[in-house]
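*Asks:* Can you read through this structure? Questions will come right after.
Numbering (the UniProt record's numbering), first residue to last: 1 to 591.
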């Protein structure tokens with residue numbers, strides 16, 4: 001390059017640098033700082049002209065962005081101030097008619113109006129943007145608006161927006177997490193309060209989505225927020241009114257106690273109604289009558305029932321923790337607490353520890369009760385220690401305590417299982433004398449024992465008495481009686497019991513029909529046995545095949561060869577060839 005050219009280039013470069021400096025100064029930027037940054041990022045081999053041009057472009061771009069941000073801020077401030085001044089919607093429309101709203105502007109306007117004094121302005125803007133500007137709010141702008149209203153204690157308006165948001169997104173599978181996550185993410189920037197999450201849970205309750213509401217409450221707890229008693233009550237109320245709790249109403253109440261959120265009178269009323277609808281109220285009233293021997297306040301009934309329920313589910317540790325929480329607040333009686341703790345230990349199989357606690361209870365001046373005695377009787381019966389159960393029964397009666405239906409059922413079943421049929425029968429008769437009716441499982445165990453010793457008639461007599469008292473036998477009851485009469489060869493009684501069972505509309509499973517056919521065969525009623533075997537449609541079970549073979553042999557023994565052959569061929573046509581070809585001498589089962 002010539003000296004003249006170099007001089008011209010230097011002057012041009014100087015002028016460019018001056019202009020760049022002026023531009024940087026106008027943007028509030030330092031020229032040395034920009035040059036240093038650019039030098040670090042660019043190769044020193046590039047010509048200076050390229051360097052200056054790149055520097056100029058970067059500064060110009062930054063200036064454009066800065067200018068855009070300033071314009072956006074001006075728009076946001078203008079909208080906020082217009083709403084603060086109370087402009088009507090027509091004036092606002094005229095002023096901002098060319099403006100196209102977007103999520104960013106809406107968010108900034110709402111946050112610009114987040115102070116409690118501006119909350120109504122924020123609500124006005126929220127509705128104006130929909131009605132006038134046809135803007136469709138997303139979850140984020142809904143949540144910010146809700147936060148602002150809650151922070152200003154405009155709860156009614158906030159509820160309306162919550163319910164509108166939930167209805168809008170109810171059909172989306174991810175909506176529950178989408179809404180709660182958006183509320184959580186915008187919580188800090190919106191000058192809100194934690195009561196916003198109560199409105200969310202109550203909104204789900206109002207939309208009859210209590211299970212989702214409870215799930216959301218658990219999710220909020222993971223993020224450090226706990227909903228109020230009023231919100232829990234709203235969930236409980238909706239579930240109770242629906243009558244289809246599926247146990248969730250008690251899971252919610254259990255969770256409340258675990259979190260030390262204790263019930264109000266309204267909570268207790270809801271849960272008592274739930275017990276009534278479930279048909280469980282009398283059960284827990286009876287339990288408390290046996291333990292406390294006095295009628296108890298509804299709150300004691302509810303709190304005792306939740307512990308009893310958890311223990312019955314086999315969740316022993318959870319039940320004990322729950323009981324401790326209730327005891328800390330004197331929400332159950334000491335006698336109830338002792339009795340339930342003993343019951344928990346018995347359920348877990350720790351009978352020795354349970355007995356030690358029982359002795360401690362007596363030493364402290366608390367009276368023994370039938371519930372605790374029955375718990376021990378049941379444990380001993382399950383272990384085959386029926387004589388110890390007998391001793392406890394005598395001890396209980398000597399103390400003036402009255403056994404109840406469960407006590408007798410345990411002893412009937414326990415003695416029958418151990419082969420003590422006479423003892424089992426005696427307890428059943430005592431039970432009937434007291435106007436009580438055994439459970440189906442206990443009576444079936446007695447029937448089984450009586451049938452095995454050939455005294456099925458006694459079992460049938462007891463059934464007749466029990467039917468008059470409202471006892472409802474099942475298929476097993478009739479199957480055991482039919483089998484018993486089959487053993488002693490009384491075919492007419494077998495058929496009579498079958499018709500009685502059929503009249504009651506009890507289901508006739510293949511296993512029952514096999515028992516019926518076998519009993520008829522034992523009584524020599526081959527025609528009836530063949531009839532019901534055909535009615536059953538045959539089956540491939542070993543027992544059914546054995547019955548078919550026995551019938552064929554019986555026909556042959558009676559000299560009814562043609563009948564035996566016909567039946568044999570019928571069986572073969574159904575696909576049952578095994579073992580049949582050798583039953584009729586000289587005749588192949590395939591012919």
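Beta carbons are placed, not taken as given, at the ideal position from N, Cα and C, and that holds for glycine. Please read all numbers here as calculations on a predicted model, not as lab measurements.
What does the Cβ neighbour count give for residue 146, buried or exposed, with the cut at 16 atoms within 10 Å?
*Replies:* Residue 146 comes out buried.
*Asks:* What are the start and end residues of the alpha helix (DSSP H) that includes residue 405?
*Replies:* Residue 405 -> alpha helix (DSSP H) spans 405 to 417.
*Asks:* Does the Cβ-Cβ distance between residue 151 and residue 191 come in under 8 Å?
*Replies:* Yes, the Cβ-Cβ distance between residue 151 and residue 191 is below 8 Å.
*Asks:* So, with DSSP's three-state summary, where would you put residue 36?
*Replies:* Bear in mind that a pLDDT of 32 at residue 36, under 50, signals an unreliable position, so the model cannot answer this.
*Asks:* Measure the C-alpha to C-alpha separation of residue 212 and residue 542 and round it to an integer number of angstroms.
*Replies:* Their Cα atoms are separated by approximately 51 Å.
*Asks:* Would you kindly check if the distance between the Cβ of residue 384 and the Cβ of residue 347 is under 8 Å?
*Replies:* Contact flag unset, no.
*Asks:* Could you compute how far the alpha carbon of residue 321 sits from the alpha carbon of residue 291?
*Replies:* Each residue's alpha carbon lies about 20 Å from the other.
*Asks:* Pop quiz: residue 210 and residue 239 are said to be a contact at Cβ under 8 Å. What is the actual Cβ separation, rounded to whole angstroms?
*Replies:* 5 Å between Cβ atoms; contact.
*Asks:* Hey, residue 416 and residue 446 are a contact pair by Cβ (cut 8 Å); roughly how many whole angstroms apart?
*Replies:* So it is a contact: roughly 5 Å between Cβ atoms.
*Asks:* As a quick exercise: from 492, 503 and 478, pick the residue whose alpha carbon is nearest that of residue 514.
*Replies:* The option with the nearest alpha carbon to residue 514 is 478.
*Asks:* Residue 108 and residue 76: beta carbons closer than 8 Å?
*Replies:* Yes, the pair counts as a contact, with Cβ atoms nearer than the cut-off.
*Asks:* Report the residue ranges of all alpha helix (DSSP H) runs contained in full by the stretch 106 to 167; include only those spanning at least 4 residues, in chain order.
*Replies:* If we require 4 residues or more, the alpha helix (DSSP H) runs fully inside the stretch 106 to 167 come out as 119 to 131 and 139 to 151.
*Asks:* Rounded to whole angstroms, how far is the Cβ of residue 512 from the Cβ of residue 475, which I believe are closer than 8 Å?
*Replies:* Between residue 475 and residue 512 the Cβ distance is about 6 Å, and since that is below 8 Å, they are a contact.
*Asks:* By a C-beta neighbour count over all protein chains shown, 10 Å radius and 16 as the cutoff for buried, is residue 94 buried or exposed?
*Replies:* Per the 10 Å Cβ criterion, exposed.
*Asks:* Comparing alpha-carbon positions, which option in 525, 528 and 567 lies nearest residue 545?
*Replies:* If we check each option's Cα against that of residue 545, 567 comes out closest.
*Asks:* Assuming residue 149 and residue 123 are in contact, meaning their beta carbons sit under 8 Å apart, how far apart are those beta carbons, in whole angstroms?
*Replies:* Sure, about 6 Å apart at Cβ, within 8 Å.
*Asks:* Residue ranges of each beta strand (DSSP E) run of no fewer than 3 residues wholly in the stretch 344 to 415, ordered along the chain?
*Replies:* Taking only runs of at least 3 residues, no beta strand (DSSP E) segment lies wholly in the stretch 344 to 415.
*Asks:* For the stretch 127 to 139 and the stretch 161 to 179, state whether three or more C-beta atom pairs, one from each stretch, are separated by less than 8 Å.
*Replies:* The stretch 127 to 139 vs the stretch 161 to 179: in contact.
*Asks:* Ignore the nearest five residues each way along the sequence and tell me which others in residue 336's own chain have a CB closer than 8 Å to its CB.
*Replies:* For residue 336, where only same-chain residues beyond five positions count, the Cβ hits under 8 Å are 288, 291, 292, 300 and 304.
*Asks:* What three-state label does DSSP hand residue 100 in the structure shown?
*Replies:* Here residue 100 sits in coil by DSSP.
*Asks:* Going by Cα to Cα distance, which pick from 530, 257, 375 and 247 is closest to residue 277?
*Replies:* Ranking the options by Cα distance to residue 277, first place goes to 247.
*Asks:* Less than 8 Å between the beta carbons of residue 421 and residue 450, yes or no?
*Replies:* Yes.
*Asks:* So, using beta-carbon positions, are residue 327 and residue 345 closer together than 8 Å?
*Replies:* Their beta carbons are not under 8 Å apart, which means residue 327 does not touch residue 345 by this criterion.
*Asks:* Note down, in chain order, each residue of its chain lying with its Cβ closer than 7 Å to the Cβ of residue 354, except the 5 sequence neighbours on either side.
*Replies:* Correct list, in chain order: 342, 345 and 346.
*Asks:* Among the candidates 334, 218 and 505, whose CA atom is the shortest distance from the CA of residue 255?
*Replies:* The candidate whose alpha carbon is nearest that of residue 255 is 218.
*Asks:* Could you give the C-beta distance for residue 509 and residue 520, rounded to a whole number, given that I count them as a contact under 8 Å?
*Replies:* With a Cβ gap of about 17 Å, residue 509 and residue 520 do not count as contacting.
*Asks:* Using 10 angstroms around the beta-carbon of residue 102, count the other beta-carbons present and answer buried if the total reaches 16, otherwise exposed.
*Replies:* Exposed, since its Cβ has fewer than 16 Cβ neighbours within 10 Å.
*Asks:* Kindly indicate which residue of 368, 340, 381 and 318 has the alpha-carbon position closest to the one of residue 419.
*Replies:* When each option's Cα is compared against that of residue 419, the closest is 381.
*Asks:* Kindly indicate which three-state DSSP category residue 297 falls into: helix, strand or coil?
*Replies:* Correct three-state label for residue 297: coil.
*Asks:* Please report the distance separating the alpha-carbon of residue 461 from that of residue 230.
*Replies:* So the alpha carbons of these two residues sit roughly 58 Å apart.
*Asks:* Excluding sequence positions up to five away, which residues of its chain have a Cβ less than 8 Å from the Cβ of residue 159?
*Replies:* Counting only Cβ-Cβ distances below 8 Å, and skipping sequence neighbours, we find 199, 202 and 203.
*Asks:* Assign residue 250 to one of two classes, buried (16 or more other C-beta atoms within 10 Å of its C-beta) or exposed (fewer than that).
*Replies:* Buried, because 16 or more other Cβ atoms sit within 10 Å of the Cβ of residue 250.
*Asks:* At least one CB of chain D closer than 8 Å to the CB of residue 165: is that the case?
*Replies:* The question asks about chain D, but that chain is absent: this structure has only one protein chain.
*Asks:* Given residue 366, which residues of its chain have a CB within under 8 Å of its CB, disregarding the five upstream and five downstream residues?
*Replies:* Once the five neighbours on either side are set aside, the close Cβ partners of residue 366 are 334, 335 and 338.
*Asks:* Sort 74, 88, 156 and 306 by Cα distance to residue 129 and report the nearest one.
*Replies:* Of 74, 88, 156 and 306, the residue nearest in Cα terms is 88.
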